[in-house]
Structure formats: C-alpha cells, structure tokens
Amino acid sequence: MALDAKTGNKVWQTDLADPELGYSETMAPTVVKGKVLIGTNGGEYGVRGFVRAYNAKDGKLVWNFDTIPENSVGVWAEKDATGRDMHRNIQAEKDQLAKTGDPYKTLGGGVWQNPAVDLAANRIYFVVGNPSPDLDGSLRPGDNLYTDSLVSLDLETGKYVCHFQYIAHDVWDLDAVSPPVLVDVRDKAGKVIPGLIHAGKTGHVYVHDRKDCSLIRFSDAMVPQENMWTLPTPQGARMLPGANGGVEWSPIAVNPQLGLSYAINLHQPMTYTVTSAPYPNGKLWLGGAFKVIPGEEQAGNVTAVDYNTGKIRWQVKTPQPMIGGILATAGGLVFTGEANGRFRAYDARNGNVLWSFNAGAGVNAPPSSYTVAGKQYIVVGAGGNVQIDSKRGNSIIAFTVD
1 MALDAKTGNK VWQTDLADPE LGYSETMAPT VVKGKVLIGT NGGEYGVRGF
51 VRAYNAKDGK LVWNFDTIPE NSVGVWAEKD ATGRDMHRNI QAEKDQLAKT
101 GDPYKTLGGG VWQNPAVDLA ANRIYFVVGN PSPDLDGSLR PGDNLYTDSL
151 VSLDLETGKY VCHFQYIAHD VWDLDAVSPP VLVDVRDKAG KVIPGLIHAG
201 KTGHVYVHDR KDCSLIRFSD AMVPQENMWT LPTPQGARML PGANGGVEWS
251 PIAVNPQLGL SYAINLHQPM TYTVTSAPYP NGKLWLGGAF KVIPGEEQAG
301 NVTAVDYNTG KIRWQVKTPQ PMIGGILATA GGLVFTGEAN GRFRAYDARN
351 GNVLWSFNAG AGVNAPPSSY TVAGKQYIVV GAGGNVQIDS KRGNSIIAFT
401 VD
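Going by this note's numbering, the first residue of the sequence shown is number 1, and it counts up by one from there.
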C-alpha cells in the first residue's frame, strides 16, 4: 500500500497473494529506482515463493521471480556448503520424482527478509527460506531449488543471474533467513573484491563473490554442532543446531574498517521428528516437529567474525538464546539486546561491555541509528518474542551517543 506522505491518503493498493492459501508478509518493502521490491513468506504452508517489483507510482507489476523454478531438482547434491555429507537417499528421491513429478507448485521457498541492492551492478541479492513440508523430504525429491539459497537477480528485469545453495533438500528447517550484507572482501587469493556476507542458521558466516554468487569461505561455527546431518526419524533424532539456529532472521552488521562481521546466535538443542502428511491446502505443513529438549541448556552469544579469514575474533555468551539483530557504528561500537531486557554496547574490537540498559522487556529487534542536528541516536524496540518466550513489552527507546 502506498500513502501520500503529507496527508496519509491512500494512493494505491496492490494485493500480493491469498492468505487463505498460506501466504504472508514478514519483510518491509524496499523502494529503489522507482520500484517497490517485495517477497512473500509462507514456507511452512506449501506456497510457491516469489520476489516482485512493482511500479512505485501506480503499484503495477514490473516483474515477478518465482523462488521455486519449474525444474527444482538441481544436481542431486550430497554435501552441504561446508562439504559434509547430508545422508540423502538419492535413489529413493529419483524413484519418487518418477512417480509424482516435480513438486515445485507447493515447495515453499518464502523470502523472510529484504534484499541487498547493488546499484553499481544493478542487481539485488536475497536469501530464500525452507522447502515445504519442512521435515518430510519424501514428498519433495531433488535439491528443491532455490530453497536455502542465496539468489541474485537483475534489478531492472528480475532475470536470474546466479545462486548458491547452502543446504540441498533441507529436512532440518535450517533455511536462509538473515538478510545478506554487501561489503568488500578478500577472495581466496587475497584480492579485495565486491563481496556478500550471509549468516546461517547453521551457525556459519558465509562469504561470497558478488559477481557469480560463489562461496569464498565459511566461518568457524559460532554455536555447537553435533550429529550433522542426522536425519529426522519418527521417534525423534537429536541434532545441533536446532531449527531456530544459529542465526535466525536476526540481521548481522559489519565494520569494514576492522574487517569484522557481528552476529547474534541461539543455542537450543532439539529433536527432529518426521511424520508424513499430504498437502493440507494452505494449512501448516511441517511434516513433523522440532522440539526443544527439556533440561538441556539454552543460551546465546554475540560473535565477531573476521570475514577475510573466517576466524572468530571474539565471542560473548548470553544467558538466553538471541533473536533480534545487531548494529555496528563507525565509531567502534556494537549494539544488541537480549531476551532478559538488557540492551548493551560492546567494544567492536574486543567485545568488552561498555554500557548496559534494562528495557523492561525482551529486546528482540534490530537497533537502528540516525542523526538529528549533528547528534547521533540509537533506537531499538523492546517488545519481547514468542519464539524464545521472552518477556513481552511495547516500547521503542532511543538513546544519544556522546
């Protein structure tokens, strides 16, 4: 919906998709070069995801890109982006494909967060969420392109340019949801090139070449990883990270002067259970369940990763899992909040806590910075979070930076 900024009157409205079929919106619109970019969520409901560009003046469709191509099979990849075996039964998947065909119409692939825009190359980059049903791969043979992937499109036409899939045929709901960040990086030969960084629910920071989406390196694991990639079972199989991550949808931040990226993480041990069920016509379609293991520690951390080496520079553990986001300033500060209400400033170089404030509710939103009359402000929402059950609130709080 477009409103007149002076009067609040509605200028135009465009309906995107039918919520009765499972479509929903989690991203804010991105307005660039006369276009409004928007995608859809709904990966847990058997939708077919998309990213679209609408004309900013009248709301008419400029282009549409389906995040699930009609040929979603891919290359039958047996290993994830880090080179670990994912224990796929390729022959069983091929037999299923011959029997039921390509499942592209109900394969999910929602886009939770905003794209990154490279105006110099006239391209956008976004990450695509999980396949449907989440945990039951028997109904969706193949790599399930472009789920769990980084994708780049031409900004003007919406035409596909390149992609990189982190996890093919994901049956753990470890999809790509945290928005990518554009920054210059060193390639494998040490040359500085236009790059892109994405933090995964796997607990890795992935560093890409912006030109062709190829993976340059991945970081040390920021959270415990155990039994990767144990398949879900009817009785329940334990594997870490749990389905929330790692890095959930929480945006990361970078400090180019230090060559560091900053992420907040969750540690929630879970069991993965598979239960086969047919497509439920727009209802929740998990194909099983992922459940927190009672009695096991749940925690979080704030982690700084050197994106030119993949090494962890520093890490601060937090008493509860972290969901929200993180902000790095040019002045060498890093801001993020916790489920217990604490909002903190860290030294960007070493992670020392420099300042703390109790907001009275879970600080589970990404901070932002702005200036008025030369004075810098930091603002954040303290509203709590259902997923980690932090205290609910209803505040937006701003601070000055002196």
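C-beta: ideal position from N, C-alpha, C; glycine also.
Which residue or residues does DSSP assign as beta-bridge partners of S132?
-> Numbered from 1 along the sequence shown, position 132 holds the residue referred to as residue 132. Its beta-bridge partners do not exist; DSSP assigns none.
C-alpha gap between R392 and P133, whole angstroms = Here residue 392 is taken as the residue at index 392 of the sequence shown, counted from 1. Here residue 133 is taken as the residue at index 133 of the sequence shown, counted from 1. Straight-line Cα distance between these residues: approximately 30 Å.
Hey, quick one: how far does the beta strand (DSSP E) through T100 stretch, first residue to last?
-> Locating residue 100 in the sequence shown gives position 100, where the first residue counts as 1. Counting along the chain, T100 falls outside any beta strand (DSSP E), though it belongs to the alpha helix (DSSP H) covering 90 to 100.
Roughly how many angstroms lie between the CA atoms of T371 and Y377, to the nearest whole one?
-> Taking the first residue of the sequence shown as 1, we reach residue 371 at position 371. Taking the first residue of the sequence shown as 1, we reach residue 377 at position 377. Using only the alpha carbons, I get a separation of about 6 Å.
Which residue from G331, V363, R48 puts its Cα closest to that of T404?
-> The chain is shown from 1 up to 402; residue 404 falls before or after that span and cannot be answered.
On the three-pair Cβ rule with 8 Å, is the segment 40 to 60 touching the segment 99 to 108?
-> yes
Assuming V185 contacts V305 under a Cβ cut-off of 8 Å, what Cβ separation, rounded to an integer in Å, is found between them?
-> One-based indexing of the sequence shown puts residue 185 at position 185. One-based indexing of the sequence shown puts residue 305 at position 305. Wrong, their Cβ atoms sit about 12 Å apart, outside the cutoff.
Extent of the continuous beta strand (DSSP E) run through P194 | For the purposes of this step, residue 194 is taken as residue 194 along the sequence shown, with counting starting at 1. Its beta strand (DSSP E) spans residues 192 to 199.
Is DSSP giving G242 helix, strand or coil here?
-> Along the sequence shown, one-based indexing puts residue 242 at 242. G242: strand per DSSP, three-state reduction.
Excluding sequence positions up to five away, which residues of its chain have a Cβ less than 7 Å from the Cβ of N9?
-> Locating residue 9 in the sequence shown gives position 9, counting from the first residue. Excluding residues within five positions, the ones whose Cβ falls inside 7 Å are L3.
Where H430 and N227 are concerned, what is the direct C-alpha to C-alpha distance, given to the nearest angstrom?
-> No answer is possible for residue 430: it lies beyond the span of the chain, which begins at 1 and ends at 402.
Of all the options G245, G383, D18, V111, which has the alpha carbon lying nearest to the alpha carbon of D66?
-> Looking up residue 66 in the sequence shown gives position 66. Of the candidates G245, G383, D18, V111, the one whose C-alpha sits nearest the C-alpha of D66 is V111.
Contacting residues, own chain, Cβ-Cβ under 6 Å from Q225 (five flanking each side not counted) | Taking the sequence shown and counting its residues from 1, the one referred to as residue 225 is at position 225. For Q225, where only same-chain residues beyond five positions count, the Cβ hits under 6 Å are L240.
May I ask you to report which of helix, strand or coil DSSP gives S72?
-> Walking along the sequence shown from the start, residue 72 turns up at place 72. Of the three classes helix, strand and coil, the one that applies to S72 here is coil, per DSSP.
Of the residues S369, K311, T26, the one placed nearest V128, counting alpha carbons only = To locate residue 128, count along the sequence shown from 1; it is residue 128. If we check each option's Cα against that of V128, T26 comes out closest.
CA-to-CA distance, G49 to E70, given in whole angstroms | The residue labelled residue 70 in the question sits at position 70 within the sequence shown. The residue labelled residue 49 in the question sits at position 49 within the sequence shown. One C-alpha to the other measures close to 12 Å.
So, does the CB of L107 fall closer than 7 Å to a CB anywhere in chain B?
-> Although the question refers to chain B, the structure presented lacks it and comprises just one protein chain.
Would you call S395 buried or exposed, if buried means 16 or more other Cβ atoms sit within 10 Å of its Cβ?
-> Translated into positions along the sequence shown, residue 395 becomes position 395. By the neighbour-count rule (16 or more Cβ atoms within 10 Å), S395 is not buried but exposed.
Verify whether the separation of the beta carbon atoms of A263 and A199 is less than 7 Å.
-> The sequence position of residue 263 within the sequence shown is 263, counting from 1. The sequence position of residue 199 within the sequence shown is 199, counting from 1. Contact flag set, yes.
State the beta-bridge partners of M270 as determined by DSSP.
-> The sequence position of residue 270 within the sequence shown is 270, counting from 1. Paired residues: M239, V292.
For S214, which of L153, A81, F399 has the nearest alpha-carbon?
-> Here residue 214 corresponds to residue number 214 of the sequence shown, with the count starting at 1. That would be A81, whose Cα lies nearest to the Cα of S214.
Pick out whichever of A253, N308, S72 has its Cα sitting closest to the Cα of A189.
-> As a first step, residue 189 must be located in the sequence shown, where it is residue number 189. The option with the nearest alpha carbon to A189 is N308.
Tell me, please, which residues DSSP counts as bridged to W314.
-> Position 314 of the sequence shown, counted from the first residue, corresponds to residue 314. Partner(s): A304.
DSSP-derived helix/strand/coil call for T230 = Sequence index remark: in the sequence shown, residue 230 carries index 230 (1-based). DSSP places T230 in coil when its eight states are reduced to three.
Through-space distance from V62 to E296, alpha-carbon basis = The residue you call residue 296 lines up with position 296 of the sequence shown. The residue you call residue 62 lines up with position 62 of the sequence shown. Computed Cα separation, rounded: 50 Å.
Could you check which residue in P115, D154, A339 has the C-alpha nearest to that of N265?
-> If you number the sequence shown from 1, residue 265 lands on position 265. N265 has its Cα closest to that of A339, out of P115, D154, A339.
For Y104, does the three-state DSSP call read helix, strand or coil?
-> Your numbering for residue 104 matches position 104 in the sequence shown. Looking at Y104 - three-state DSSP - the assignment turns out to be helix.
The segment 382 to 392 contacting the segment 348 to 357, beta-carbon criterion three pairs below 8 Å = no
Across which residues does DSSP place L333 in a beta bridge pair?
-> One-based indexing of the sequence shown puts residue 333 at position 333. According to DSSP, which records beta bridges pairwise, L333 is partnered with D347.
In three-state DSSP terms, what is S261?
-> What you label residue 261 is simply residue 261 of the sequence shown in a count that begins at 1. In the structure shown, S261 sits in a strand (DSSP, three-state: E or B).
Can you tell me whether D58 is buried or exposed, with buried defined as 16 or more other CB within 10 angstroms of its CB?
-> Locating residue 58 in the sequence shown gives position 58, counting from the first residue. The residue in question, D58, is exposed, as its Cβ has fewer than 16 Cβ neighbours within 10 Å.
Quickly, what does DSSP pair K10 with across the bridge? List them, please.
-> As a working mapping, residue 10 is identified with position 10 in the sequence shown. L3, per the DSSP bridge assignment.
Roughly how many angstroms lie between the CA atoms of D389 and A98, to the nearest whole one?
-> Here residue 389 refers to the residue found at position 389 of the sequence shown. Here residue 98 refers to the residue found at position 98 of the sequence shown. Straight-line Cα distance between these residues: approximately 44 Å.
Beta carbon of P141 nearer than 7 Å to that of E93 = Within the sequence shown, residue 141 is the residue found at index 141, counting from 1. Within the sequence shown, residue 93 is the residue found at index 93, counting from 1. The answer is yes: Cβ separation under 7 Å.
Best match in K211, L231, D170 for proximity to H163 [C-alpha to C-alpha] | One-based indexing of the sequence shown puts residue 163 at position 163. H163 has its Cα closest to that of K211, out of K211, L231, D170.
Could you tell me the distance, in whole angstroms, from the CA atom of G282 to the CA atom of A17?
-> Locating residue 282 in the sequence shown gives position 282, where the first residue counts as 1. Locating residue 17 in the sequence shown gives position 17, where the first residue counts as 1. Approximately 12 Å, taken between the alpha carbons.
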